[in-house]
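Trainee: One structure, as structure tokens, below. Some questions next.
There are 2 protein chains.
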Amino acid sequence: MARTRRRIPEATVARLPVYLQILDEQANLAIDNISSEGLAELAGVNAAKVRKDLSYLGSYGTRGVGYEVGYLVYQIRRELGLDHDWPVVIVGAGNLGQALAGYGGFGERGFRVAGIVDIDDVKVGSELGGLIVAPLSDLGKIVAARGVSIGVVATPPSAAQDAADLLVAAGVTSVLNFAPVMLNVPLGVTVRKVDLAVELQILSYHEQRRVNAASAQLQAAPLVRRGGASA
Amino acid sequence: MARTRRRIPEATVARLPVYLQILDEQANLAIDNISSEGLAELAGVNAAKVRKDLSYLGSYGTRGVGYEVGYLVYQIRRELGLDHDWPVVIVGAGNLGQALAGYGGFGERGFRVAGIVDIDDVKVGSELGGLIVAPLSDLGKIVAARGVSIGVVATPPSAAQDAADLLVAAGVTSVLNFAPVMLNVPLGVTVRKVDLAVELQILSYHEQRRVNAASAQLQAAPLVRRGGASA
DNA sequence: TGGCCTTTGTGAAATTGTGCACATGCGACG
DNA sequence: CGTCGCATGTGCACAATTTCACAAAGGCCA
């Protein structure tokens with residue numbers, strides 16, 4: 001029984017959830033077989049990449065035919081550790097924390113929100129998506145009682161490091177950080193950062209390039225017909 | 232006047248906003264000079280990488296001294312197109328859309344929310360962070376009137392492609408997609424996808440690995456002292 | 001059963017990103 | 001005005017990731 005299969009490249013790990021999402025949809029459409037080509041199209045990537053990615057899980061395709069959707073779903077689930085639920089705890093009941101608590105997409109995909117805590121007494125006690133906001137001091141209790149290993153930091157930037165420290169102290173080993181700051185955590189704790197403003201800034205860069213490219217073109221050929229070239 | 236400086240690698244573009252964030256903080260602390268080493272530490276990356284990244288902008292450091300914070304801020308801003316504001320429009324006033332509209336972090340960093348629209352008449356007219364939710368049919372008007380080029384898709388998955396199509400038709404050329412689906416857009420339109428569940432699934436993978444590793448260890452050495460090795 | 005068609009799985013090449021190591025240039029100080 | 005020390009900028013090797021190209025293998029039909 002191959003226990004620790006060869007390590008899966010990080011880039012592949014980031015794509016497996018996308019494949020899984022698509023395969024789930026296909027399963028709902030009663031499609032039970034899919035080729036690397038088809039999956040690639042739906043995922044917006046190259047077919048060879050799909051095959052290589054899936055090959056890290058093992059040889060689960062059938063040559064000349066493709067992959068059996070149900071079985072592939074099962075295998076990806078297992079590899080990602082999604083064959084059981086992961087309770088998560090949210091720190092910070094501000095705008096974002098509230099939205100996350102109310103966001104159905106989490107529970108649907110196996111990440112039940114076990115609790116949401118906030119330091120602000122005004123927010124404590126209010127209800128959010130079927131949950132009561134608990135005081136920050138309950139964090140340890142919640143983590144221990146519900147076996148939480150994933151924490152979400154949805155605090156203002158200035159409080160994010162404290163939140164992370166408390167999560168780690170409570171025993172959390174994975175943190176999803178929405179605050180625009182770098183978190184320092186001990187070795188053995190995984191952090192992923194999602195910074196909404198960064199995403200917009202990357203888009204801005206591309207917009208800016210478009211603008212620059214357009215003006216460079218004008219520079220090169222100042223006498224364009226009105227209503228000329230559009231990209 | 233070097234117009235289109237050599238293209239900046241995508242990986243670097245993704246880090247520039249992080250540097251910018253840190254540099255802004257340093258500026259607020261009245262620190263006006265920083266070394267690649269110092270910046271690297273704060274950004275959680277390697278110093279050589281910082282230098283290489285910054286070198287794509289030009290030679291803006293001083294050997295033996297470091298980088299002037301203010302000037303660097305100015306240069307990164309310019310390169311990312313952040314020397315002016317970018318109005319954005321949000322499609323979908325559900326949980327996430329509401330949170331985004333109310334999230335101060337956007338406006339603060341130059342991305343003013345020019346409007347938020349929803350297809351649901353019940354939501355239209357309600358107020359969110361100083362904005363009135365407009366009907367979906369106003370999308371074109373808003374985009375045109377405010378010169379919006381960035382759109383945010385915060386709809387349920389099933390409506391996301393329609394939302395994207397409408398945004399593109401209205402003239403938007405960059406889309407930030409929060410729905411867990413692949414968007415098809417014409418060439419020349421940039422899409423970035425942020426999928427919160429995917430982030431959690433990646434964390435789940437690492438958690439699962441930890442669990443597997445621990446059980447493998449037990450397998451290998453079944454007779455551990457109670458309270459034995461902790462990672 | 002045998003040949004044909006299709007699609008996987010995977011070496012190998014190409015591309016992209018990272019990190020080291022050090023020559024170079026700049027400011028400080030005497 | 002020269003020397004010293006420090007931090008940048010970059011060539012280079014290496015690591016990771018993507019893509020190509022094709023042999024191997026399953027299924028289908030005659």
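Protein chains in written order, with the numbering used here: chain D, 1 to 231; chain W, 232 to 462.
Glycine is no exception: its CB is placed at the ideal position from the N, C-alpha and C atoms.
#1: Looking at C-alpha atoms only, which residue of D:Pro9, D:Val148, D:Ala40 and D:Ala154 is the closest neighbour of Ala169 of chain D?
#2: Between Arg146 of chain D and chain W, is the shortest Cβ-Cβ distance under 8 angstroms, so that the two count as touching?
#3: Relative to chain D, which residues along the stretch 283-298 of chain W have a C-beta separation below 8 angstroms, given in chain order?
#4: Is the beta carbon of Val364 of chain W less than 8 angstroms from the beta carbon of Ser357 of chain W?
#5: Gly361 of chain W: which of W:Phe409, W:Val403, W:Gly275 and W:Gly333 sits nearest, CA to CA?
#6: Take Gly58 of chain D as the anchor and find which of D:Gly64, D:Leu39, D:Val65 and D:Glu79 has the nearest alpha-carbon.
#7: Beta-carbon within less than 6 angstroms of Asp396 of chain W's beta-carbon, same chain only, minus the 5 sequence neighbours each way: which residues are those?
#8: Below 8 angstroms on the Cβ atoms is my contact criterion, and I expect Asp316 of chain W with Gly341 of chain W to pass it. Report the Cβ-Cβ distance as a whole number of Å.
#9: Report yes or no: is there a C-beta of chain W within less than 8 angstroms of the C-beta of Asn28 of chain D?
#10: Rank D:Pro156, D:Leu203 and D:Tyr74 by C-alpha distance to the C-alpha of Met182 of chain D and give the top, closest one.
#11: Let's test the definition: count the other Cβ atoms within 10 Å of the Cβ of Leu218 of chain D and tell me whether it reaches 16, buried, or not, exposed.
#12: Could you check where the beta strand (DSSP E) with Val403 of chain W kicks off and where it finishes?
#13: Using a Cβ-Cβ cutoff of less than 6 angstroms, which residues in the same chain neighbour Arg246 of chain W once the five nearest sequence positions on both sides are dropped?
#14: Is it buried or exposed for Tyr71 of chain D, if we count other Cβ within 10 angstroms and need 16 for buried?
#15: Is it true that the stretch 37-57 of chain D meets the stretch 5-25 of chain D, where meeting means three or more beta-carbon pairs spaced less than 8 angstroms apart?
#16: With the cut-off set at 8 angstroms, would you say Ala330 of chain W and Asn95 of chain D are in Cβ contact?
#17: The beta strand (DSSP E) with Thr500 of chain W in it runs from where to where?
#18: Asp263 of chain W by DSSP, collapsed to three states: which one?
#19: At 9 angstroms on the CB atoms, spell out the chain D contacts of Thr386 of chain W, in chain order.
#20: Name the residue from W:Ile307, W:Arg441 and W:Leu398 whose alpha carbon lies nearest to the alpha carbon of Ile202 of chain D.
#21: Return yes when the Cβ of Ala394 of chain W is within less than 8 angstroms of the Cβ of Val384 of chain W, no when it is not.
#22: Given Ile90 of chain D, which residues of its chain have a CB within under 7 angstroms of its CB, disregarding the five upstream and five downstream residues?
#23: For the stretch 177-208 of chain D, which residues have a CB atom closer than 7 angstroms to at least one CB atom of chain W, in sequence order?
#24: Can you give me the Cβ contacts of Thr404 of chain W inside the same chain, cut-off strictly under 6 angstroms, excluding the 5 residues immediately before and after it?
#25: I want to verify the contact list: residues of chain W whose CB lies under 8 angstroms from the CB of Ile150 of chain D, in sequence order.
#26: Extract the residue ranges of the beta strand (DSSP E) inside the stretch 112-145 of chain D, only unbroken runs of 3 or more that lie entirely within it.
#27: Along the chain, where does the beta strand (DSSP E) that runs through Val320 of chain W open and close?
#28: May I have the straight-line CA-CA distance separating Ala191 of chain D from Gly105 of chain D, to the nearest angstrom?
#29: Less than 8 angstroms between the C-beta atoms of Ile34 of chain D and Tyr60 of chain D, yes or no?
#30: Taking the beta strand (DSSP E) that Ile150 of chain D belongs to, which residues open and close that run?
#31: Would a check of beta-carbon distances place Val89 of chain D closer than 8 angstroms to chain W?
#32: When you compare the CB of Ala2 of chain D with every CB in chain W, is at least one pair closer than 8 angstroms?
#33: Assuming Tyr302 of chain W is part of the alpha helix (DSSP H), what are its boundary residues?
#34: Could you tell me whether any Cβ in chain D is nearer than 8 angstroms to the Cβ of Thr404 of chain W?
#35: For Leu82 of chain D, return the contacting residues in chain W, with the cut-off set at a CB-CB distance below 7 angstroms.
#36: Specify the secondary structure class of Gly292 of chain W as computed by DSSP and reduced to three states.
Mentor: Reading it off the structure:
#1: Taking the first sequence and counting its residues from 1, one reaches residue 169 of chain D at position 169. Nearest option by C-alpha distance: D:Val148.
#2: In the first sequence, counting from the first residue as 1, residue 146 of chain D sits at position 146. For Arg146 of chain D, the answer is no, since every Cβ of chain W falls outside 8 angstroms of its Cβ.
#3: none
#4: Residue 364 of chain W sits at position 133 when you count from the first residue of the second sequence. Residue 357 of chain W sits at position 126 when you count from the first residue of the second sequence. Result yes, Cβ atoms of Val364 of chain W and Ser357 of chain W sit closer than 8 angstroms.
#5: As a position in the second sequence, residue 361 of chain W is number 130, starting the count at 1. Measuring from the Cα of Gly361 of chain W, the nearest candidate turns out to be W:Gly333.
#6: Translated into positions along the first sequence, residue 58 of chain D becomes position 58. Closest by alpha carbon: D:Glu79.
#7: To locate residue 396 of chain W, count along the second sequence from 1; it is residue 165. Closer than 6 angstroms at Cβ, skipping near neighbours: no residue.
#8: Here the question's residue 316 of chain W lines up with position 85 in the second sequence. Here the question's residue 341 of chain W lines up with position 110 in the second sequence. Contact flag correct, Cβ pair sits at about 5 angstroms.
#9: Looking up residue 28 of chain D in the first sequence gives position 28. It does not; no Cβ of chain W falls within 8 angstroms.
#10: Locating residue 182 of chain D in the first sequence gives position 182, where the first residue counts as 1. Selected option, being the one with the closest Cα: D:Pro156.
#11: On the first sequence, position 218 is the one that residue 218 of chain D refers to. Flag for Leu218 of chain D reads exposed.
#12: Numbered from its first residue, the second sequence carries residue 403 of chain W at position 172. From DSSP, Val403 of chain W is part of no beta strand (DSSP E); its letter is neither H nor E.
#13: Here residue 246 of chain W corresponds to residue number 15 of the second sequence, with the count starting at 1. Hits under 6 angstroms: Asp284.
#14: On the first sequence, position 71 is the one that residue 71 of chain D refers to. Exposed, by the Cβ-count rule.
#15: yes
#16: Against the second sequence, residue 330 of chain W aligns to sequence position 99. Against the first sequence, residue 95 of chain D aligns to sequence position 95. Contact: yes.
#17: No statement about residue 500 of chain W is possible, as the shown extent of chain W runs from 232 to 462 and does not include it.
#18: Within the second sequence, the letter at position 32 stands for residue 263 of chain W. Coil.
#19: Here residue 386 of chain W is taken as the residue at index 155 of the second sequence, counted from 1. Neighbours of Thr386 of chain W on chain D: none; closest Cβ ~12 angstroms, over 9 angstroms.
#20: By one-based count along the first sequence, residue 202 of chain D stands at place 202. Nearest option by C-alpha distance: W:Ile307.
#21: The count along the second sequence starts at 1 and reaches residue 384 of chain W at position 153. The count along the second sequence starts at 1 and reaches residue 394 of chain W at position 163. Contact: yes.
#22: As a working note, residue 90 of chain D is residue 90 in the first sequence. If we look at Ile90 of chain D and ignore the five residues flanking it on each side, its Cβ neighbours are Gly97, Leu100, Ala101, Val113, Ile116, Val152 and Ala154.
#23: Pro180, Met182, Gly188, Thr190, Arg192, Val194, Leu196, Ala197, Val198, Glu199, Leu200, Gln201, Ile202, Leu203, Ser204, Tyr205, His206, Glu207 and Gln208
#24: What you label residue 404 of chain W is simply residue 173 of the second sequence in a count that begins at 1. Contacts found: Ser380 and Val420.
#25: Along the first sequence, one-based indexing puts residue 150 of chain D at 150. Simply Leu431, Leu434, Ser435 and Glu438.
#26: 113-118 and 131-135
#27: Here residue 320 of chain W refers to the residue found at position 89 of the second sequence. Here the beta strand (DSSP E) through Val320 of chain W covers Val319 to Val322.
#28: Position 191 of the first sequence holds residue 191 of chain D. Position 105 of the first sequence holds residue 105 of chain D. The sequence shown places Val at residue 191 of chain D, not Ala. Near 21 angstroms, if we compare the C-alpha coordinates of Gly105 of chain D and Val191 of chain D.
#29: Mapped onto the first sequence, residue 34 of chain D falls at position 34. Mapped onto the first sequence, residue 60 of chain D falls at position 60. Not closer than 8 angstroms, so no.
#30: Looking up residue 150 of chain D in the first sequence gives position 150. Looking at the DSSP string, the run of the beta strand (DSSP E) that includes Ile150 of chain D is Ile150 to Val153.
#31: Stepping through the first sequence from its first residue, residue 89 of chain D is reached at position 89. No, Val89 of chain D lies away from the interface with chain W (no Cβ there is under 8 angstroms from its Cβ).
#32: Sequence index remark: in the first sequence, residue 2 of chain D carries index 2 (1-based). For Ala2 of chain D, the predicted model reports a pLDDT of 38, less than 50, meaning its position is unreliable; a value from the coordinates is still stated below. Cβ-Cβ to chain W under 8 angstroms: no for Ala2 of chain D.
#33: Looking up residue 302 of chain W in the second sequence gives position 71. Taken as a continuous stretch (DSSP letters only), the alpha helix (DSSP H) holding Tyr302 of chain W covers Val300 to Leu311.
#34: Taking the second sequence and counting its residues from 1, one reaches residue 404 of chain W at position 173. Chain D, which has a Cβ nearer than 8 angstroms to the Cβ of Thr404 of chain W, makes this yes.
#35: Translated into the one-based positions of the first sequence, residue 82 of chain D becomes position 82. Near Leu82 of chain D (Cβ distances below 7 angstroms), the residues of chain W are Gln432 and Ser435.
#36: Taking the first residue of the second sequence as position 1, residue 292 of chain W is located at position 61. The answer is strand: DSSP assigns Gly292 of chain W an E or B state.
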